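Residue numbers (my numbering), protein chains in the order written: chain A, 1 to 535; chain B, 1 to 535. Every residue, glycine too, gets a C-beta built ideally from N, C-alpha and C. Fair warning: this is a prediction, and the values are worked out from it, not measured in the lab. Each remark here refers to the structure printed beneath this line.
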């Protein structure tokens, strides 16, 4: 649809707040035009893509502010309290759980706080391997700034190019190399967070025991407690050793056992991404076109592998990064173990190709929508012994839901990534064609029904609601399954203390206390807690 | 003092609660005798030792209960709410911050909940390397139970022999091998915690992103939110490789630089404990008597070392534990680096002697009290670049305080232990003779004055209030320096939500909201928040 035909809901104007914001930020950093409102309306979930394509807008931010410093954010939050407007902190806008969306039936003016101007590296402590950043810094800029000091953060989520440190922190993000560098919550030494009840600053120390972990109370708070403005993070010398390669296993259980053996032997790869047979097929189908002479070589290799039991193989990207000598040694040790479990080494060529194209896959989703194909992901984590049962359970539930909803079983594949001593993340990709002639609203309904069944299966099988995609409103109905009532009430108490008038990103993360226990079905949740198009 | 001369304050009796408790637990698990009350009166801080020796009791628990299961604890907490009695969860009673003490001016009956009967290994998942324990299990029992499955938790705090899993969790404990196995908060997959507002159970998953980390909100809560009854923890195969040795560095900065280099090279020892010259002297002075023929060999070695620049050396215990091949490789690599920084290897003999006598040192403290010598510890953590400045600052402040208070500079030494990519824990041992003829009360005052100055120096120098000793009431006055007001208010809100009538371990962890900002001096805190003998 041409830009000029897109109509947004009318803007609500709170003139005293806007005037005050202009006085703080200057006029150029206070934007109410529709281009800005459109750009900040949604994240990047499938639901968001469909709504954007079909111009489905119910609520869109009324104003977008671009603060340039912690102090400006602190002033803006004070003004928001004074004028009773809602604030939505905004990083790169890549969230796929609805974290940056104006939600609910709140009549107040909704203001998006875009931190893109707050992108500075404020301090580096090379000896301690720490760096203080403003929270609005984007992935590539953060790494460029660190590289000038010979350092890296090592956090590369799929959204890396378009997401920010603050967004990673607010949503408990995980990067592809989390085996080596940890999830974002493992990387934080200290935070500055502006809340309506004052600024929280934590001490820049490697560890402490002075009560519950305040950093971990703020990381993952999705903007509902306040605005993360700065963080001191743990960084690492740029890796001297890097080895990315593709390997093949005879089966998913073989690959899983091989990686578990690496873990137990103390040589877990920095990155491991083990695809099931369906995803392996997809990956090979999507790969770059192979030159003729290589194809000529591949045919006998394939025939040979088939004879050896690799008829429906599982591909694994295996990477090691780190200090020259130790990473190389651990890599050698891991290779020895992986081979013992039947891994065929396809070499660094395809490994490096994966590395350099790893951010491409999400684009495919948008392309497929042109063909009425709805593709999305679900992810969870569970312990080693439960990985295969959970995968089976979710796969069956999702297939059944797709068949019932769209008339076809659709596609579902998965990979394991983000490994821990006790388990791993399971990442499902599923796709289904909406029933022919479906309206966008109906397509969203069909998608939501499939995802709801998959999510319910994840929880029933003992997985977590989300390993790194966050809650937003997308996963809100299951928060009462994920957490004990008393735990949710504790978080609500923190919310009420830090944000007594509920102006920080209202509607995200915390289901209203009166919502009954979800039984895993979106339709059982009262309509008013979910935006249009969800049911 | 003979046991029969010890007089405890009279016991307050709440007959309906006691009857109900007997109905739940049976009479043998409900104890009001003075032996039990005495045993649960204090922890094991220096202040506690002095008070025990001098029979200084202000408030002592009125009743001790020994529940045998989660369900019994849940019932007891309900009864406590119903009858408005206070509950103090009790593990091994080794806490040195006052966490298990009946505090404050609360007129309610104080009941200690001793979890010693809840010591079962409930489930092992060998494949996932997880184990579910009841929280009252003691260190040695826990390791014995795991060893039968070829597993270990790897958590060995100095209190290991007499402390429990639940106590470790409640206080964010750290074991000597934390470099390899993490702090206790890193080991938790899930918890069961009984609060007055209901039981919180978290999911047994390796990681998640479903909002703020609930486990980390409960770990370190020191019994003020509820009672930890069970935990699923990450365990490891018993190490195939173990190497403990003692090394000498020319100086503290040399040793620090060497360990930092190991960290950066990816081969940080599983355990490193680098003593400063003063502590090194102490350690060598305390060592087992050397047979004559060895002494004969030592003299020329010492002379040689002195000539080579080791006149005032720093001792370091360096240990590697883990899977056979990788741990051995990392050990070799570390040895290469340590030697580059001038480490002299005294071999595994003294390393293993340290290992086998490592739990002995705290006993010395008790012995020295017979000679009017007050010895205690302070600990903190800070980033690498701040370690030496902080040590200097705290050493000077403590010396000055000791001189002013007792007339002599006393002893202060320290070691670094518990290393992180970004820094380490600093553990100070200090000792001073109370002024001749001091009463026990006056001795406590002198001790408290010295520790207060040392603690203030730690915080002023950018360290954390405590790396693994917890808060209790001992560190309460500094919580307002350690944390932002809004952060403390968030914790208070959680407390009010989970324990609305403040019956869980009242007086610990959270300073009352009306206490003004501490300036680092105990005397500035209103008398009523601290027990007698503190000021």
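Output, in sequence order along the chain, the residues in the segment 230-254 of chain A whose CB is closer than 8 Å to any CB in chain E.
Annotation note: the requested chain E is absent from the structure, which comprises protein chains A and B.
Just to confirm, is the Cβ distance from residue 537 of chain A to residue 485 of chain B under 8 Å?
Not covered by the structure: residue 537 of chain A. The range shown for chain A is 1 to 535.
Anything in chain B within Cβ reach of residue 256 of chain A, meaning under 8 Å, just list it in chain order.
Under the 8 Å cutoff, chain B gives no residues; its nearest Cβ is about 10 Å from residue 256 of chain A.
Within this structure, are the beta carbons of residue 376 of chain B and residue 46 of chain B separated by less than 8 Å?
yes
Tell me which same chain residues have a C-beta within less than 8 Å of the C-beta of residue 503 of chain A, skipping the five on either side of it?
80, 81, 84, 85, 86, 87, 108, 196
So, helix, strand or coil for residue 222 of chain A, using DSSP?
coil
Residue 19 of chain A to residue 106 of chain A span [Cα, whole Å]:
For residue 19 of chain A and residue 106 of chain A, the distance between alpha carbons rounds to 22 Å.
Ordered along the chain, which non-local residues of its own chain (more than five positions away) have a Cβ less than 7 Å from that of residue 408 of chain B?
402, 432, 433
Look up residue 285 of chain A in the DSSP assignment and say whether it is helix, strand or coil.
helix
Mind checking who residue 195 of chain B pairs with in its DSSP beta bridge?
B:198
So what does DSSP say about residue 524 of chain A, is it helix, strand or coil?
Here the model assigns residue 524 of chain A a pLDDT of 34, short of 50, so the residue's position is not dependable and the matter cannot be decided.
What does the Cβ neighbour count give for residue 6 of chain B, buried or exposed, with the cut at 16 atoms within 10 Å?
exposed
Could you tell me whether the Cβ of residue 7 of chain A comes closer than 8 Å to any Cβ of chain B?
no
Determine the DSSP secondary structure at residue 160 of chain B, reduced to helix, strand or coil.
helix
Rounding to the nearest angstrom, what Cα-Cα distance links residue 297 of chain A and residue 282 of chain A in this structure?
Near 21 Å, if we compare the C-alpha coordinates of residue 282 of chain A and residue 297 of chain A.
Residue 382 of chain B - DSSP class collapsed to helix/strand/coil
strand
In terms of DSSP beta bridges, what is residue 504 of chain A paired with?
A:87
Buried or exposed for residue 419 of chain A, please, with buried defined as at least 16 other CB atoms from any protein chain shown within 10 angstroms of its CB.
buried
Listed by chain order, chain B residues near residue 339 of chain A by CB distance under 9 Å:
None at all; the shortest Cβ gap to chain B is about 15 Å.
Looking at the strands, I want to know which residues DSSP matches up with residue 237 of chain B.
Within the DSSP secondary-structure output, residue 237 of chain B pairs in a beta bridge with B:151.
Below 8 Å, how does it come out for the segment 90-97 of chain B and the segment 465-476 of chain B: are there three or more Cβ pairs, yes or no?
Output reads yes: the segment 465-476 of chain B touches the segment 90-97 of chain B.
Between the segment 229-247 of chain B and the segment 312-321 of chain B, are three or more C-beta pairs nearer than 8 Å?
yes
Could you tell me which residues DSSP puts in a beta bridge with residue 280 of chain B?
As far as DSSP is concerned, residue 280 of chain B takes part in no beta bridge.
Under the assumption that residue 380 of chain B contacts residue 232 of chain B (Cβ atoms under 8 Å), give the Cβ distance between them as a whole number of angstroms.
Going by Cβ atoms, the distance from residue 380 of chain B to residue 232 of chain B rounds to 30 Å, so no, they are not a contact pair.
Please state whether DSSP places residue 410 of chain A in a helix, a strand or coil.
coil
What residues of chain B sit near residue 536 of chain A, judged by a beta carbon separation below 8 Å?
The requested residue 536 of chain A is not part of the displayed model; chain A covers only 1 to 535.
Using the Cβ count rule (16 or more neighbours within 10 Å means buried), how would you classify residue 114 of chain B?
buried
Run the CB neighbour count on residue 363 of chain A, radius 10 Å, all protein chains shown included, and call it buried at 16 or more, exposed below.
Exposed, because fewer than 16 other Cβ atoms sit within 10 Å of the Cβ of residue 363 of chain A.
By DSSP, does residue 439 of chain B sit in helix, in strand, or in coil?
coil
I'd like to know whether the C-beta atoms of residue 436 of chain A and residue 54 of chain A end up nearer to each other than 8 Å.
no
Ends of the beta strand (DSSP E) at residue 541 of chain A?
With chain A covering 1 to 535 only, the question about residue 541 of chain A has no answer from this structure.
How do the segment 203-218 of chain A and the segment 455-464 of chain B stand: do at least 3 beta-carbon pairs fall below 8 Å, yes or no?
yes
With a CB to CB cut of under 7 Å and the five nearest residues on each side skipped, what residues in its chain are close to residue 537 of chain B?
Any property of residue 537 of chain B remains undetermined from this structure, which presents chain B solely from 1 to 535.
Tell me which residues of the segment 153-166 of chain A have at least one Cβ-Cβ distance to chain B shorter than 7 Å, keeping chain order.
none
Classify residue 231 of chain A as helix, strand or coil using the three-state DSSP reduction.
strand
Could you check whether the Cβ of residue 189 of chain B sits closer than 7 Å to any heavy atom belonging to the ligand GTP?
Ligands in the displayed structure: none, and consequently the ligand GTP is not present.
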